[in-house]
Amino acid sequence: QAPAGYPADYQKIIDAAKKEGKLVVYGATDSKATHPLIKDFSALYPGITVEYNDMNSTEVYNRFISEAAAGGNTADVVWSSAMDLQMRLASDGHAMKYKSVEVPKLPAWSMWDDKAYGTTFEPAAIVYNKRLLDAKEVPHTHAEFAALIQQPKFKDKVTTYDIEKSGVGFMFMTQDAREYPKFLELENAFGVAKVRVQSSTGTMMERISSGENLIGYNVLGSYALVRAKTDPSIGVVLPKDYTLILSRVVFINKAAKNVNAAKLWLDYMLSQRGQTVIANESKLYAIRADVTGETTSADLIKQIGKDNVKPVPVHPIVLQFLGPEKRMAFLKQWKETAGKK
Amino acid sequence: MKRDIMTNELTVDDLHLEYGSGATANPILKGVSMHLRKGEVVALLGPSGSGKTTLLRAVAGLESPKLGTIDIGERRVFDGSKAFEMPAEQRNLGLVFQSYALWPHKTVFDNVAYGLKLRKMGASDIKERVMEVLKQLGLGHLAERYPHQMSGGQQQRVAIARALVYNPPVILLDEPLSNLDAKLREEARAFLRELIVRLGLSALMVTHDQGEAMAISDRILLLNNGKIEQQGNPQSMYETPETLFTAEFMGSNNRLPAKVVQRDGSHVRIDVNGAALHATARGKGGAEPAVLIRVEEVRVSSTRADNAIELPLLTCMYLGDRWECLFKSEDGGINLRAYSKYKLDAGSYWLQLPADKLWVF
Amino acid sequence: MKRDIMTNELTVDDLHLEYGSGATANPILKGVSMHLRKGEVVALLGPSGSGKTTLLRAVAGLESPKLGTIDIGERRVFDGSKAFEMPAEQRNLGLVFQSYALWPHKTVFDNVAYGLKLRKMGASDIKERVMEVLKQLGLGHLAERYPHQMSGGQQQRVAIARALVYNPPVILLDEPLSNLDAKLREEARAFLRELIVRLGLSALMVTHDQGEAMAISDRILLLNNGKIEQQGNPQSMYETPETLFTAEFMGSNNRLPAKVVQRDGSHVRIDVNGAALHATARGKGGAEPAVLIRVEEVRVSSTRADNAIELPLLTCMYLGDRWECLFKSEDGGINLRAYSKYKLDAGSYWLQLPADKLWVF
Amino acid sequence: MQTLALPGSGRRGLNWPRGVVVTLTAIAIFLPLYLIFYQSFLSAPFFMPEKVLGLDAYRFIFDDPDFAMAFKNGLTLATGLTLIAVPMGGALAFLMIRTDLPGRGWIAPMLLVPIFVSPMVMGFGYVVSMGPVGFYSTWAKDLLGFVPWNIYSFTSIVIIAGLTHVPHVYLYASSALKSLGSDVEEAARVAGASPLQVMLNVSLPMIMPALAYAGVLVFFLGFEVFGLVLVLGDPEGHLVLPTYLYKLTNKLGTPSYHLMAAVAVCLVMVTLPLVMIQRWLLKSANKYVSIKGKGARSKAMPLGRWKWLAFGVLFAWLLFTIIMPLTGIVLRSFVQYWGEGVNLADVLTLQHFRDILAEPSLIRGIVNTVLIGVIGGGLAVACYSAIALAMHRKPDGITRALDYSVLVPRAVPGLLAGLAFLWVFLFVPSWLDGMFKASDSGVGTWLSEHLIPALRSIRSTIFAVWLAYSVVWLAYGMRLISTALLQVGPELEEAARAVGAKRGQVTRDVTLPLIKYGLLGAWLMVFLIFEREYSTGVYLLSPGTEVIGAMLVSLWAGGSTDLVAALSFINITLVAIGLGIALRFGVKLHN
Ligand SMILES: Nc1ncnc2c1ncn2[C@@H]1O[C@H](COP(=O)(O)OP(=O)(O)OP(=O)(O)O)[C@@H](O)[C@H]1O
Ligand SMILES: Nc1ncnc2c1ncn2[C@@H]1O[C@H](COP(=O)(O)OP(=O)(O)OP(=O)(O)O)[C@@H](O)[C@H]1O
Ligand SMILES: [Fe+3]
Ligand SMILES: [Mg+2]
Ligand SMILES: [Mg+2]
């Protein structure tokens, strides 16, 4: 049954998809968060089994391009938080052109060429240990953060992603460099605090919670919020001056076997129903403005103001400022200032 | 060097040892007492599994007995009642293994020197002493070789050198010759005996070969099933065995199916397949009398003789220096072996069994 | 069963074998030729390392020779010139290892039955045949045991049963007795000889013990350093050795330091430490003459005797059935051993060396 | 009486089973390696059209200071690890096998813990227990006023890596010791050597070949240490080669296979001479060390006054290597959160276990892992046995070549090895397909229609995962089996041939039944290894075939450290129970 408001010929896609009966998704979102989505999708379109392959974002990329080149079975839909890798695949011609039915409801920056779509609206947050940090001390802007961590108490106790290892970390940091005029001071502050870098969100959260580190920078807000729910030690701040936003990018494989099922999945993820699940059950922040609740873009924008929200665009432009030379130069500078030992 | 017969270098008293414990305990030594005097060579003889190696290892400290005492010289090294047990490395004994157990990664010199190094002797003293011992054993020129580069006989000497070098009061040898060639063995046993006597050592040597035991030792301990069956010098063990077991073990024997007709002190009259013979009683006498005679005591005669039985010749085996002839009665009931200097012709012979060598147990 | 002396069951011709290859090649067999007739027992005798085991293994197909031929009956199983080599499993021989090599995970019955199973015999036939062989060897009641539950002598018989069960034309035995106790060994060799003869087998048996070889075989092949030194029946090997090596290997000998004074055909006059003696020349005669006499041929006399030398008695060793007495000249140059029925008193004796037994090589 | 004839006769046949085994093994080893090698000389992924042949990759990594540092660290780590693990493993084996050390019975299974617990989990355990705010550290701080250790320093990482690899050495050393007659040791004792001197002067020198082999193996594993460095090395930025590979993925924006391959080739190049040195060592060592299988009696050597010292050292090792990290994990799995200023009693919870039970894929993961461990381990042992048998008593060139080869896969970090296997499964069918199509014959078409789809579908089955695991751990497993094989007396096999058994029959009826217990032991070891392996399988896993190792990584990345702890706890408990049962039923850890 086509969802309400969809064009009449949508039923054809549904029928074809039912015939395909199967959908293969490669994703970098952990299966705990994906589970509700798949369950709901199956309820909506019974008869289509979703095969979800949970990998990290590099694995998604490696596996997909290898399989695509070999011409064997591969994913119908690729969904990953590594926006740059996703855009590379999409712009290298691996994405199928498909204009989603939901396009009118989505922000313009979150779509590219009817090929790649952003699906979430995840802020980069500052996370701190509530037990060990005074409420007064908690920073609310980048400047406050930079000032705070230069205090001796924070030496060896500040953490962030190792931008040499983590794609997300690197992307946030380069965005910071573009958005934040006093980025150099921030870098220096990291250097003073002898920032401890980690390659995954989990390690960062664990260490902040235990008190080994006091404060973490640019932690993926979606994960932090989930953790904060069960762990009273964790406090999450979205910087008021500006907050970076990451969006998980999805596209349909050009050589997809189950094209129709893939289209259904894409539309579903972007639909109000799908976005509601993403927000309320997966806690990944819905990107659609018409979805309300705690973890939604609407709520976020309400908190910090429309102008202070700085999403990373779903556009090959991310590749431009993430090109090899710029990358290396940026990494070098980072290591020399923030990473000095 | 003078040999002082009065001091005991090794005393074992009422030693009990078992493997396993509790319900599965398997007693191996069942009260062994023995001693070894200074300058004496004692052979521990017995059939396979009788506990010879076990006794030796208990003395060396490699097995833990259950009861009894062991003294080396004046030192008590084991006392079952006090649960005292001196570790092997402090007993200061020399031990030669059947397998030699040379350390394959050390040269001959290092093998021999090791015991001295452990005793913190200076390097030059060690060198001197080791070379002296090696020379005594005719190995002076082989010091730099590795064990695998030497023949069995040479390896055996290295094992002995290694056990001798720190002048232990007692040296223990576990079948030191059994890994050698038949021919080499004969030479080696003469050499070994000569060496032990020359150096004035006290030695306890395990063997299961009675010929070897007799050739090499001053005294023989015959072990049977965890107990000392009989002990004495080789001649007394061979010529005046007290038990059937000793008699059978100590030589090549003929066992005769005989009925005792009459006993009169040590004089016994027996009946072998109809022939009446005189014989001598030995030991305490058991329920079922056993009659035997050493193979070399049987005299072959082509004519009727005294105290003899007549049997047809079955076959003669050539032994080189003599022939071993097998006689068998028609019904197969009697088998008799005898030596002969020459090959005998087929036919019937009178086998004379001297009354004093025909033993009834 | 009749023994046909004319057929060769096994023929080995000019066999060469080396271990390793190229520069590190180590020749072990250097042209061995031999044969084994139907019903014959041949002993392969030789010192350790002479290549006996290697020859046996080459015949069995477990080593690859370089050159020569091997025939079993009419079948050529190895031909060096054609690089033909029949695999061991197709040669259909019986092989008994020194270590017995019984399969520890199979019962006695299964050990013996395995060869028949491989020959696709029916289960009931197998059972019958195996039990028959086991009975012949006196093992009928032990069929269900595992090898480790048996004594050494019993294990050896199982190994023989396993090799016999499929009636191989030739049975090869590698030192089958050397793992047995001294006492057991004597019994076993009589048993083995009797068994082989009774079953009419052709057997090739390796041993390094000349006594064993003489007692058990019809013919002896003496291997020395990869070549056949001499072959013949035991008596000829013992009494008329052609080379010094054979003479020394086949018995217990006294070697005398002597100078040859005069040669006259086979009659030789020699000088031993001043004493002039008559002797017999043997073999081809080498550059340096060697003089020797068997220990048992030396006659001890307390009075002056013919063709004798006088030497002081050093010591007597008790051997049980006789004494071995060692005589040594004052300067230590001459060592002579002789047997005596009784222990000799200290003093000087005349040792008579019969001219026909005093050999000069 | 008639001689019973044997069925069949003729010349020595071609040994085709051996040929097949050797060929398949060579393919399984060298195909992935070849791909890596080839890839390292290209400028782009080998399957891309724009690739160019060249040395750019090598130029890049040699210019990269990070590579130099990672390489230096890797070398230090591997060396340090070997220097710690080999002597300790040897000493441990001596204590456990030869002496009357108290508590040997219960220590033996404990020793296996570091083999089956993923190093990442171990590392995490150390963070929880001994990290800057770990609970042991907090105690120490309360007592001393400061924390006397820094778990994140490179020295600590080397020490931990060394200590956790002690069991690997222990296994080899102990089985070598078991096959060594104790008479040589007794000879030393009688000569006056204390147990310590016996160990240093006799036992360890005599098992040199086994120690050399184990040494080279753990040296390789040292280059491969990833999980531990990932967890403990990040905070201070210590880089080793596998983490450098990880970094390379990100350095140029997109994963740069040529760079990763070049690193792997460098690793293989470093380790090759090592394998040669080891061979040479073994050769000269074997020359004079003849290990006699003389199962003569050996009474446990009384340690006397050394007893409690030895026990103390061993206990310290157990405490530091097993008890500390495990208590960390256990603790973490029962608390909501932890750390400085947290009263643990207030935060106890069973929630994490409830979460796991509620997640069907986690349960499935546990089942899969056990299956791949038990069944896959069994199959792997079967294959290893086939290879070991192909090399058994055939001292020729093929055997030597194979002997060298088996170690090489372990020189490639698991991450890349997994990718290489993915490539093999993806591209080999494509290439074959191309060939068949080009051949344009009926057979070619038929093959391309029937064989190729079958080959392609292999990849998404658990077989692919199994194959990758088996190849990577080939050296380890094979050695376990060839040690067992060496203990079969050659006469036992020759006796079977003499009575008429063909090669196959000898193997089936004599050799294999005789190494039954060796095989069971090997199975247990391979089970434990497969149990914790993950990096190699990452690219080959698909939904339904998850294994715990991979799930732990994914949970970790998602931040669910609590679930990581709980899942590890369940895993360790299950394996420990299984291990207990196996040992109870007579499976021996070494033969
Ligand atoms: N470790 C052990 N556990 C149980 N029983 C043992 C052990 N070692 C030896 N035995 C048994 O103890 C008995 C005596 O063994 P021992 O080695 O002392 O005999 P032996 O007289 O030296 O024999 P051999 O002449 O064969 O060397 C044998 O029955 C043997 O089976
Ligand atoms: N596999 C081998 N490689 C190299 N040399 C060997 C090998 N096997 C045996 N040899 C050598 O071959 C020679 C002959 O050995 P063989 O075993 O045939 O001697 P043998 O006459 O049976 O001696 P023994 O009486 O000691 O059994 C010896 O010098 C031995 O060292
Ligand atoms: Fe790994
Ligand atoms: Mg013994
Ligand atoms: Mg031999």
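Chains as they are written, first to last, in our numbering: chain Z, 28 to 368; chain S, 7 to 367; chain D, 7 to 367; chain A, -2 to 588.
Note that CB positions come from ideal geometry on N, CA and C, so glycine has one too.
All values reported here derive from a predicted model rather than from experimental measurement.
Margin query: Can you check whether the C-beta of residue 324 (chain S) is within less than 8 Å of a C-beta belonging to chain D?
Written below: Within the second sequence, the letter at position 318 stands for residue 324 (chain S). It does; some Cβ of chain D falls within 8 Å.
Notebook entry, point to check: Looking at residue 280 (chain A) and ligand 2, is the gap between the Cβ and the nearest heavy atom below 7 Å?
Noted result: Your numbering for residue 280 (chain A) matches position 283 in the fourth sequence. No; taking the cut-off as 7 Å, the Cβ of residue 280 (chain A) has no heavy atom of ligand 2 nearer than that.
Item checked: Buried/exposed call for residue 230 (chain A), threshold 16 Cβ in 10 Å -> As a first step, residue 230 (chain A) is located in the fourth sequence; it is residue number 233 there, counting from the start. With 16 or more Cβ atoms within 10 Å of its Cβ, residue 230 (chain A) is classed as buried.
Next item on the list: Return yes when the Cβ of residue 74 (chain A) is within less than 8 Å of the Cβ of residue 237 (chain A), no when it is not.
Entry: For the purposes of this step, residue 237 (chain A) is identified with residue 240 of the fourth sequence, where counting begins at 1. For the purposes of this step, residue 74 (chain A) is identified with residue 77 of the fourth sequence, where counting begins at 1. Taking 8 Å as the Cβ cut-off, residue 237 (chain A) and residue 74 (chain A) qualify as a contacting pair.
Notebook entry, point to check: How should residue 290 (chain A) be labelled, buried or exposed, when 16 other C-beta atoms within 10 angstroms of its C-beta is the threshold for buried?
Noted result: As a position in the fourth sequence, residue 290 (chain A) is number 293, starting the count at 1. Here residue 290 (chain A) scores only 36 on pLDDT, less than 50, and its place in the model is too uncertain to base an answer on.
Notebook entry, point to check: When you compare only the Cα positions, how much space is there between residue 142 (chain A) and residue 559 (chain A)?
Noted result: As a first step, residue 142 (chain A) is located in the fourth sequence; it is residue number 145 there, counting from the start. As a first step, residue 559 (chain A) is located in the fourth sequence; it is residue number 562 there, counting from the start. Their Cα atoms are separated by approximately 29 Å.
Checklist line | Contact test: residue 55 (chain S) Cβ vs ligand 1 heavy atom, cutoff 7 Å | finding: By one-based count along the second sequence, residue 55 (chain S) stands at place 49. Residue 55 (chain S): yes, Cβ under 7 Å from ligand 1.
Item checked: Beta carbon proximity, residue 258 (chain D) to chain S, threshold 8 Å -> Residue mapping note: residue 258 (chain D) aligns to position 252 of the third sequence, counting from 1. Taking Cβ atoms only, chain S reaches closer than 8 Å to residue 258 (chain D), which makes this a yes.
Notebook entry, point to check: My guess is that residue 511 (chain A) and residue 469 (chain A) are in contact by the Cβ rule of under 8 Å, so how many angstroms apart are they, rounded?
Noted result: Residue numbering aside, residue 511 (chain A) sits at position 514 when the fourth sequence is read from its first letter. Residue numbering aside, residue 469 (chain A) sits at position 472 when the fourth sequence is read from its first letter. Wrong, their Cβ atoms sit about 29 Å apart, outside the cutoff.
Margin query: Tell me the DSSP secondary structure of residue 7 (chain D) in three-state form.
Written below: As a working mapping, residue 7 (chain D) is identified with position 1 in the third sequence. Low local confidence applies: a pLDDT of 35 at residue 7 (chain D) is under 50, so the model's placement there is unreliable, and no value is given.
Next item on the list: Mark residue 8 (chain S) as exposed unless 16 or more other C-beta atoms lie within 10 angstroms of its C-beta, in which case mark it buried.
Entry: Here the question's residue 8 (chain S) lines up with position 2 in the second sequence. Low confidence applies here, because residue 8 (chain S) scores a pLDDT of 38, under 50, leaving its location unreliable and the question unanswered by this model.
Checklist line | Element boundaries [alpha helix (DSSP H), containing residue 571 (chain A)] | finding: Translated into positions along the fourth sequence, residue 571 (chain A) becomes position 574. It spans 558 to 581 - the alpha helix (DSSP H) in which residue 571 (chain A) sits, taken as one unbroken run.
Next item on the list: Put residue 54 (chain Z) into one of helix, strand or coil per three-state DSSP.
Entry: Translated into the one-based positions of the first sequence, residue 54 (chain Z) becomes position 27. Looking at residue 54 (chain Z) - three-state DSSP - the assignment turns out to be strand.
Checklist line | Proximity to residue 19 (chain S) [Cα-Cα], best of S:302, S:78 and S:301 | finding: Locating residue 19 (chain S) in the second sequence gives position 13, counting from the first residue. Selected option, being the one with the closest Cα: S:78.
Margin query: Can you check whether the C-beta of residue 138 (chain D) is within less than 8 Å of a C-beta belonging to chain A?
Written below: Indexing the third sequence from 1 puts residue 138 (chain D) at position 132. No, residue 138 (chain D) does not count as interfacial toward chain A.
Next item on the list: Taking 8 Å as the threshold, find out whether the region 25 to 35 of chain S comes into contact with the region 45 to 62 of chain S through three or more Cβ pairs.
Entry: Short answer: they touch.
Margin query: Within 10 Å of its beta-carbon, does residue 163 (chain D) have 16 or more other beta-carbons around it, so buried, or fewer, so exposed?
Written below: To locate residue 163 (chain D), count along the third sequence from 1; it is residue 157. Residue 163 (chain D) comes out buried.
Check: Which whole-angstrom value describes the C-beta separation of residue 43 (chain S) and residue 80 (chain S), a residue pair presumed to lie in contact below a C-beta threshold of 8 Å?
Finding: In the second sequence, counting from the first residue as 1, residue 43 (chain S) sits at position 37. In the second sequence, counting from the first residue as 1, residue 80 (chain S) sits at position 74. Not quite, the Cβ-Cβ distance comes to about 14 Å (not below 8 Å), so this is no contact.
Check: Which residue's Cα is closest to the Cα of residue 236 (chain Z): Z:255, Z:248 and Z:249?
Finding: Looking up residue 236 (chain Z) in the first sequence gives position 209. Here the closest residue by C-alpha is Z:255.
Check: Do residue 174 (chain A) and residue 259 (chain A) come within 8 Å of each other at the CB atom, strictly closer than that value?
Finding: Taking the first residue of the fourth sequence as 1, we reach residue 259 (chain A) at position 262. Taking the first residue of the fourth sequence as 1, we reach residue 174 (chain A) at position 177. Going by C-beta atoms, residue 259 (chain A) is not nearer than 8 Å to residue 174 (chain A).
Margin query: Quick check: residue 47 (chain Z) and residue 285 (chain Z), are their CB atoms within less than 8 Å of each other?
Written below: Counted from its first residue, the first sequence places residue 47 (chain Z) at position 20. Counted from its first residue, the first sequence places residue 285 (chain Z) at position 258. Against a cut-off of 8 Å, the Cβ pair of residue 285 (chain Z) and residue 47 (chain Z) comes out as a contact.
Notebook entry, point to check: CB-CB under 8 Å to residue 402 (chain A), same chain, minus the five flanking residues each way: which ones, in chain order?
Noted result: In the fourth sequence, residue 402 (chain A) corresponds to position 405, counting from 1. 22, 23, 26 and 27, listed in sequence order.
Checklist line | Endpoints, beta strand (DSSP E) assigned at residue 36 (chain S) | finding: Against the second sequence, residue 36 (chain S) aligns to sequence position 30. 32 to 43 is the extent of the beta strand (DSSP E) around residue 36 (chain S).
Check: Hey, quick one: how far does the beta strand (DSSP E) through residue 346 (chain D) stretch, first residue to last?
Finding: Taking the third sequence and counting its residues from 1, one reaches residue 346 (chain D) at position 340. 341 to 346 is the span of the beta strand (DSSP E), which, as asked, contains residue 346 (chain D).
Check: Three or more C-beta pairs closer than 8 Å, one from the region 63 to 77 of chain D and one from the region 85 to 98 of chain D: is that the case here?
Finding: yes
Item checked: Three-way DSSP call (helix, strand, coil) for residue 308 (chain S) in this model -> Sequence index remark: in the second sequence, residue 308 (chain S) carries index 302 (1-based). If DSSP states are grouped into helix, strand and coil, residue 308 (chain S) belongs with coil.
Check: Run through DSSP, which three-state label would residue 367 (chain S) get?
Finding: Position 361 of the second sequence, counting from 1, holds the residue named residue 367 (chain S). Coil.
Checklist line | 8 Å Cβ cut-off: residues of chain A touching residue 22 (chain S) | finding: Translated into positions along the second sequence, residue 22 (chain S) becomes position 16. Per Cβ cutoff of 8 Å: no residues; residue 22 (chain S) is ~16 Å from chain A at best.
Check: Is any heavy atom in ligand 1 found nearer than 7 Å to the beta carbon of residue 111 (chain S)?
Finding: Within the second sequence, residue 111 (chain S) is the residue found at index 105, counting from 1. Checking every heavy atom of ligand 1 against the Cβ of residue 111 (chain S), none is found closer than 7 Å.
Check: Does DSSP classify residue 330 (chain D) as helix, strand or coil?
Finding: Here residue 330 (chain D) corresponds to residue number 324 of the third sequence, with the count starting at 1. Residue 330 (chain D) falls in the strand class under three-state DSSP.
Notebook entry, point to check: Name the DSSP bridge partner or partners of residue 266 (chain D)?
Noted result: In the third sequence, counting from the first residue as 1, residue 266 (chain D) sits at position 260. Bridge partners of residue 266 (chain D): D:276.
Next item on the list: Report yes if the CB atom of residue 77 (chain Z) is closer than 8 Å to the CB atom of residue 65 (chain Z), and no otherwise.
Entry: Within the first sequence, residue 77 (chain Z) is the residue found at index 50, counting from 1. Within the first sequence, residue 65 (chain Z) is the residue found at index 38, counting from 1. Result yes, Cβ atoms of residue 77 (chain Z) and residue 65 (chain Z) sit closer than 8 Å.
Next item on the list: Measure the Cβ-Cβ separation of residue 507 (chain A) and residue 121 (chain D) and say whether it is below 8 Å.
Entry: Numbered from its first residue, the fourth sequence carries residue 507 (chain A) at position 510. Numbered from its first residue, the third sequence carries residue 121 (chain D) at position 115. Result no, Cβ atoms of residue 507 (chain A) and residue 121 (chain D) do not sit closer than 8 Å.
Item checked: Pick from D:48, D:115, D:351 and D:317 that is closest to residue 337 (chain D), judged by C-alpha positions -> Position 331 of the third sequence, counted from the start, is the residue given in the question as residue 337 (chain D). Cα-wise, what sits closest to residue 337 (chain D) is D:317.
Notebook entry, point to check: How would you call residue 314 (chain Z), buried or exposed, if buried means at least 16 neighbouring beta carbons within 10 angstroms?
Noted result: Position 287 of the first sequence holds residue 314 (chain Z). It counts as buried.
Margin query: Does the CB of residue 232 (chain Z) have a neighbour CB from chain A at under 8 Å?
Written below: As a first step, residue 232 (chain Z) is located in the first sequence; it is residue number 205 there, counting from the start. Chain A contact via Cβ: present.
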